[in-house]
Structure formats: structure tokens, C-alpha cells
Amino acid sequence: GAVVSQHPSWVICKSGTSVKIECRSLDFQATTMFWYRQFPKQSLMLMATSNEGSKATYEQGVEKDKFLINHASLTLSTLTVTSAHPEDSSFYICSLLPGQGAQEQYFGPGTRLTVT
Amino acid sequence: QKEVEQNSGPLSVPEGAIASLNCTYSDRGSQSFFWYRQYSGKSPELIMFIYSNGDKEDGRFTAQLNKASQYVSLLIRDSQPSDSATYLCAVKIQGAQKLVFGQGTRLTINP
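Sequence lines, in order, name chains P and A. According to the working numbering, the first sequence holds residues 1312 to 1427 in order. According to the working numbering, the second sequence holds residues 395 to 505 in order.
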């Protein structure tokens, strides 16, 4: 399977600040990456689909101006949580499709965000 | 009705027995079906996927798909305590890139 890294693995920030999370594909060129959020004891919630070179597609109810996604290259996508609030505290996970025609998604290790 | 439904559990199975996890889906256009395992505090890891009706085996894991009945299951043979985790069923609709996840079933294997 594909190897995906995320940085940082955990972060604590103050309310009102912004946090950037990086997702890297280490062994595939990923034209499509996904960003998920997971609250405790809940399932994954897709936030947006990120395609290299184009604007991300956000799921209904996800504020695109608050969660900025930049798919800068075939191996890097970033999620910036702007003006973070305590309710944004969650486990953020990226995933990717390892190449054209791939069906299965491979997940990064996740980033745990705590907003104080 | 949720698009992908799983029994949230917890499901307890004795070590060495077969664990059976079930998932139903509502969209008949669903094309691909995935099982992920998620340990507490970790991200999901892909166990296996299935596209065609019938069984697909990979080691101790067998995925079963019945498109007419709109269900997919995962069997774990010779269950081990290390299999204790939350198992997520995910479905991909034809023409779409994204996966739709069920709420997950928490499985506990008792030594």
C-alpha cells in the first residue's frame, strides 16, 4: 500500500490562531487526496476532496474559508484551520488514492488538534 | 436511512473463534466495498476490498459481498486479541472518488 505521512502528529494551539497540517505521499504521486475529521467515538467525516492543481471540493456544511486546503503538488496537500476554536479540536486525517484508477484509499497517521 | 450501516457493537468474540462483521448499504450504484481496521487513537488501515459478488479471502480475513441484498461482511478466522479494534465498512459509488463510511463496529476478542 501507499505510505502517507502527516505533520505534525499532534498540536495544541490557542483559540483564534491558525494551524497548518501537512499530508505527504511518500511513494506515490497522488492526484487526489482527502481530508477527514473524526471526533471521539464517531466515524470519519469527509471534509473535502483535494485535487492537484485545482480547488478543493468541500462537503456540505464544511466552511471552505475556515478550512483552507492547498494541494500544492502530487505529493503534498495542506489543511489550514483558520481562527481555530475549541470546537475544532479533533483528529484530522488525510488519505490518498495511489495513482490513476486506484480504488482504495490509504490513510495518513492523523493529526490530533487541541484548541485551548 | 443512513447510506452505510453497521452495528456499533461492542461485539465480543472468544479468542480462536470466528468474528463476523456486517454492513449494509442503501445505494444500488455502489461499486466498491472496503474494510478498514482502526485501533484506538490511530488512523484507519485497509484490510481488504471487494468488487464482485461472492467471497474474497486474504489470510485470516474473508470479505463477502451480496449486491442483490446490499450487504457486505467481513469474517475473521482464528480471532486474536490483537484483532480487537473498530472495523469500518466503506462504500464507493460508481463515478465518485470519495468513500462513504459506516459508523464502525467495535470488536473485542477475549483471551
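Ideal Cβ placement from N, Cα and C applies to all residues, glycine included.
Name the chain A residues that come within less than 9 Å of residue i, Cβ to Cβ?
i: residue 1419 of chain P; result: 437
i: residue 1414 of chain P; result: 425, 426, 428, 443, 445 and 486
i: residue 1393 of chain P; result: Those within 9 Å of residue 1393 of chain P in chain A number zero; the least Cβ separation is about 23 Å.
i: residue 1357 of chain P; result: 492, 493, 494 and 495
Which of the three DSSP states is assigned to residue i in this structure?
i: residue 439 of chain A; result: strand
i: residue 399 of chain A; result: strand
i: residue 1409 of chain P; result: coil
i: residue 408 of chain A; result: strand
i: residue 1398 of chain P; result: helix
i: residue 1424 of chain P; result: strand
i: residue 1390 of chain P; result: strand
i: residue 1317 of chain P; result: strand
i: residue 1354 of chain P; result: coil
i: residue 1367 of chain P; result: coil
i: residue 1416 of chain P; result: coil
i: residue 1385 of chain P; result: coil
i: residue 414 of chain A; result: strand
i: residue 1373 of chain P; result: coil
i: residue 424 of chain A; result: strand
At a cut-off of 8 Å, would you count residue i as near the ligand ZN, judging by its Cβ distance to the nearest heavy atom?
i: residue 407 of chain A; result: For the ligand ZN, the structure offers nothing, since it holds no ligand at all.
Against chain A, does residue i count as a neighbour if the rule is that its beta carbon must be under 9 Å from one of theirs?
i: residue 1312 of chain P; result: yes
i: residue 1328 of chain P; result: no
i: residue 1337 of chain P; result: no
i: residue 1387 of chain P; result: no
i: residue 1390 of chain P; result: no
Return no unless some Cβ of chain P is closer than 9 Å to the Cβ of residue i.
i: residue 465 of chain A; result: no
i: residue 455 of chain A; result: no
i: residue 440 of chain A; result: yes
i: residue 493 of chain A; result: yes
i: residue 482 of chain A; result: yes
List, in order along the chain, the chain P residues whose C-beta lies closer than 8 Å to that of residue i?
i: residue 498 of chain A; result: 1354
Name the chain A residues whose beta carbon is nearer than 7 Å to that of residue i?
i: residue 1345 of chain P; result: 492
i: residue 1404 of chain P; result: 437
Check the C-beta distance from residue i over to residue j and give it rounded, since I have them as a contact under 8 Å.
i: residue 1439 of chain P; j: residue 1374 of chain P; result: Not covered by the structure: residue 1439 of chain P. The range shown for chain P is 1312 to 1427.
i: residue 1317 of chain P; j: residue 1421 of chain P; result: 6 Å
i: residue 499 of chain A; j: residue 402 of chain A; result: 6 Å
i: residue 1323 of chain P; j: residue 1425 of chain P; result: 5 Å
i: residue 487 of chain A; j: residue 477 of chain A; result: Not really, about 29 Å apart at Cβ, beyond 8 Å.
Using a beta-carbon distance below 9 Å, is residue i in contact with chain C?
i: residue 1380 of chain P; result: No chain C is part of this structure, whose protein chains are labelled P and A.
In chain A, which residues lie with their C-beta within 8 Å of the C-beta of residue i?
i: residue 1425 of chain P; result: Neighbours of residue 1425 of chain P on chain A: none; closest Cβ ~13 Å, over 8 Å.
i: residue 1407 of chain P; result: Correct list: empty, because the minimum Cβ distance to chain A is about 11 Å.
Exercise. Can you list, in chain order, the stretches of the beta strand (DSSP E) that have 3 or more residues and sit fully within the region 432 to 502 of chain A?
Worked result: 439 to 444, 448 to 452, 455 to 460, 465 to 470, 479 to 487 and 493 to 495
Exercise. Which ranges does the beta strand (DSSP E) cover as unbroken runs of at least 3 residues, wholly within the region 1325 to 1349 of chain P, from first to last along the chain?
Worked result: Taking only runs of at least 3 residues, the beta strand (DSSP E) segments lying wholly in the region 1325 to 1349 of chain P are 1330 to 1336 and 1343 to 1349.
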